[in-house]
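**Student:**
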Amino acid sequence: MNRKTKPPLRAEERPAVAANLRVLLVAPTIDQTDVGEAWVGYQWGRHLSERFDTTVLTYRKRDRPSAVPQLPRARVVEWVEPRGLGRAERLNSLAKPGYVPFYLRARHWIRSAQASGERFDVGHQPLPVAMRYPSPLAGLGIPFVLGPVGGSLGSPEGFEDGDTAPWYVDLRRIDPWRLRHDRLLRKTYSSASVVLGIAPYVGEALASVPVRDLKILPETALDVLPDGGRIAHGSTVRLLFVGRLVRTKGAREAIGAVARLTTHDVVLDIVGDGFDRAACETLVTTLGLGERVRFHGSRSRAEVEEFYRTADIFVFPSFREPGGNVVFEAMGHHLPVVTCDRGGPGAAVDDSSGMRIPVESPEQMVRDFGAALELLVTDAALRASMGAAARARVERIGLWPAKIEAVADIYASICREPKAPGRST
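The sequence shown lines up with residues 215 to 639 when you count with this note's numbering.
#1: Is the region 542-552 touching the region 502-510 in the sense that three or more CB pairs, one from each, lie closer than 8 Å?
#2: Taking the C-alpha atoms as reference points, what is the distance between A320 and L453?
#3: Tell me the residue span of the alpha helix (DSSP H) that contains L497.
#4: Where W258 and A241 are concerned, what is the direct C-alpha to C-alpha distance, given to the nearest angstrom?
#5: Do the region 385-402 and the region 473-492 touch if we need at least three Cβ pairs shorter than 8 Å?
#6: Return yes when the Cβ of S566 is within less than 8 Å of the Cβ of G372, no when it is not.
#7: Please return the same chain residues whose Cβ sits closer than 8 Å to the Cβ of P635, not counting the five positions on each side in sequence.
#8: Within a Cβ cutoff of 6 Å, which residues of the same chain sit near Q246, ignoring the five residues on either side of it in sequence?
#9: Where do the ends of the alpha helix (DSSP H) carrying Y522 lie?
#10: Look at the alpha carbon of A614 and the alpha carbon of T499, and state the distance between them as a whole number of angstroms.
#11: Could you say which of D582, P311, I618 and A602 lies nearest to I469 if we only look at CA atoms?
#12: Ends of the alpha helix (DSSP H) at F334?
#13: In the region 527-577, which residue ranges form an unbroken beta strand (DSSP E) of at least 3 residues, counting only runs that do not cross its ends?
#14: For the candidate residues S349, P414, F358 and V270, whose alpha-carbon lies nearest to that of P190?
#15: What residue from A626, E631, A252 and D487 has the CA that sits closest to E433's CA?
#16: Can you tell me whether H447 is helix, strand or coil according to DSSP?
#17: Candidates F533, T524 and D564: which alpha carbon is nearest F542's?
#18: Starting from A344, follow its DSSP beta bridges and name the residues at the other end.
#19: Quick check on H261: buried or exposed, where buried means 16 or more other Cβ atoms within 10 Å of its Cβ?
#20: DSSP on R392, reduced to helix/strand/coil?
#21: Cutting at 6 Å between CB atoms, please list the residues of its own chain near G546, excluding the five before and the five after it.
#22: Mind checking S326: buried by the 16 CB within 10 Å criterion, or exposed?
#23: Assuming G365 and P536 form a contact by the criterion Cβ under 8 Å, report the distance between their Cβ atoms to the nearest whole angstrom.
#24: Could you give the residue range of the beta strand (DSSP E) that holds E292?
#25: Name the two residues that bound the continuous beta strand (DSSP E) containing T272.
#26: Going along the chain, which residues of its own chain have a beta-carbon closer than 8 Å to the beta-carbon of S404, five neighbours each way excluded?
#27: So, using beta-carbon positions, are E295 and R274 closer together than 8 Å?
#28: Nearest-angstrom Cα distance between I244 and R278?
#29: DSSP three-state label for D483, please.
#30: Measuring alpha carbon to alpha carbon, tell me which residue in N539, A616, G411 and A525 is nearest L360.
#31: Check the C-beta distance from S532 over to T462 and give it rounded, since I have them as a contact under 8 Å.
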């Protein structure tokens, strides 16, 4: 079932939002010096506290800096993550064992604040993005926004073979079951005033949950548009892939597509590392691609920016991608994007800014990605026009100020609704 979403408000329809609106932001991880969700959490805290009277509930990893000095305009309530939870970084990132104590502490704090007479106009929990975590805001009488949430995408048939990811990655398979049967999780979604989904597929994932209002908003955004110019590199057309090297990111399909461009002067730069790197390197050798595919491993933020500036086309065949932040980054650098017509990237890219390839089988993806890349490789004018459209699209929908403006509209609408009585669990 497809869940209908409401269109965004026009400027003349937007309700006024008071600057003294009391916002309770629940963000289990905040760190401007980190990457991923920690960086996204910092952006939410910074932008909301610059506009509203914001209280932040967060956790701090023992080896990371405190969020308190990072958010000088916010009131920050911070707890330190229990010992021993950060040893297996990838497992910790996926399962988030520290979320249980955070949930309990945050919920206790909210109840205590309410008992002492403190009131909040609206709550907002944008993290974790995965749809498997109940919110401490649920059922306490505070109207709240949940999300942007996403994930729970399965691999299409035919893509399971040869997966090199460790066993615990498969824990995500139970997400759909929990959305149907976990009462605490279902209560979070049914009691939220608004659920934000990172792409339209979220509506299908939540089809079994009685959500009040679902709106679409990307999980992250660019702080500013890149201002660096392009770096000249001669006549070779440079393709770029940025992402973790795991099977679902589709690096193998990108390599296979390059192998089809036998008569063209192209190079594929692969920036990132992961469980699937050895399989990708073996494939390059098997296909006889040599220096046409170059592995650069994990690189710093500044180095990744340089790769964007030297690239001509961004190729991202991730077939189980809930969001795809790198797609926005590439578009901000005037790069046309060739990606899958599935998940977050399929929503971020439109027909003017790139090419979206259907996902049917690995062989079909290699063939269709190869054809799309050949079209762009041989048509510099098309690359330029799509790159300009990509930049314009990010400027319109992919910057933090525009994102916060959209969320402010949602807050205002929520605050105009009759308040429901509080109910504890």
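Idealized CB from N, CA, C, for every residue including glycine. Only a predicted model underlies this, so the values are computations on that prediction, with no experimental measurement involved.
**Tutor:** Concretely, from the data shown:
#1: no
#2: 45 Å
#3: R491 to T500
#4: 9 Å
#5: no
#6: no
#7: Note that P635 scores a pLDDT of 48, beneath 50, so its modelled location is shaky and nothing firm can be said.
#8: Y256 and Q284
#9: R515 to T524
#10: It should be pointed out that residue 614 corresponds to Trp in this sequence rather than to Ala. Rounded to the nearest angstrom, the two C-alpha atoms are 42 Å apart.
#11: D582
#12: Neither: F334 is in no alpha helix (DSSP H) and is coded neither H nor E.
#13: 527-530, 551-554 and 568-571
#14: The displayed coordinates of the chain run from 215 to 639. Any statement about residue 190 would go beyond what the structure contains.
#15: A252
#16: coil
#17: D564
#18: G364
#19: buried
#20: helix
#21: L436, L439, P440 and V608
#22: exposed
#23: 4 Å
#24: R289 to V294
#25: D267 to R274
#26: V423, P424, V425 and R426
#27: yes
#28: 10 Å
#29: strand
#30: G411
#31: 6 Å
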